[in-house]
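All remarks here apply to the structure that follows.
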Amino acid sequence: MTAVEPAHDAAANLRLVGMSEAPSVFSRIVSGEIPTTLLAETDRVIAFADINPQAPVHLLVVPKTGEYRDVVALAAGDPSLLAEMVEVASSLAQEHAGGDFRLVFNTGETAGQTVFHVHAHVLGGSLQEGSLGGA
Ligand code: AMP
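When the sequence shown is numbered by the working numbering, its final residue is 475 and no position is left out of the sequence of numbers.
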């Protein structure tokens, strides 16, 4: 599955703080500008493999809307969308990682967030607990 419907919320991707910001890499994937292979898609969410995997299975679940910069904003603004992301993450883990998975939302620069369009990292495949929180 490769086709993605155009972002219907492009304006929401531009946070007006004096000047417009460029759309995030994930908004550009949602719009189809950057190609990817979709592993799952719902009306509100897409999922694809992380380009720089940190685990045997490393997938990303991304809302089509770029309105929420992190999971805190998402939980406050649209909890049902957050629940949908978790549901998609669980389905992906069933399909690609035998069912068990670690769900990571980096939140803020010093926690490792580099893309400020909320996304969940779905990590799986013989993970060791000791790797949690590595710098
Ligand atoms: P974070 O550091 O939590 O903001 O996560 C951003 C993630 O996006 C990183 O793990 C990157 O490897 C990943 N990433 C960036 N660009 C792409 C891309 N074009 N396709 C897939 N993953 C990407």
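For every residue, glycine included, the Cβ atom is placed at its ideal position computed from N, Cα and C. Note that the structure is a prediction, hence the values are computed from the model and not measured.
Using DSSP with H/G/I as helix, E/B as strand and the rest coil, what is H457?
coil
Taking the alpha carbon of F445 as the reference point, which residue from L467, V402, Q468 has its own alpha carbon closest?
V402
From which residue to which residue does the beta strand (DSSP E) around P403 run?
397-403
Check whether the region 411-427 and the region 388-400 touch, using three or more Cβ-Cβ pairs below 8 Å as the test.
no
Judging by CA-CA distance, which residue of E427, L421, L378 is the nearest neighbour of L443?
E427
Do you know how far the Cα of D390 is from the Cα of T405?
19 Å
For a test of the three-state rule: what should DSSP assign to I391, helix, strand or coil?
coil
So what's G464 in DSSP terms, helix, strand or just coil?
strand
Do L422 and A387 have their C-beta atoms within less than 9 Å of each other?
no
Shortest alpha-carbon distance to F441 belongs to which of H457, V462, S371?
V462
Count the other C-beta atoms from every protein chain shown that fall within 10 angstroms of the C-beta of P419, then say buried if there are 16 or more, exposed otherwise.
exposed
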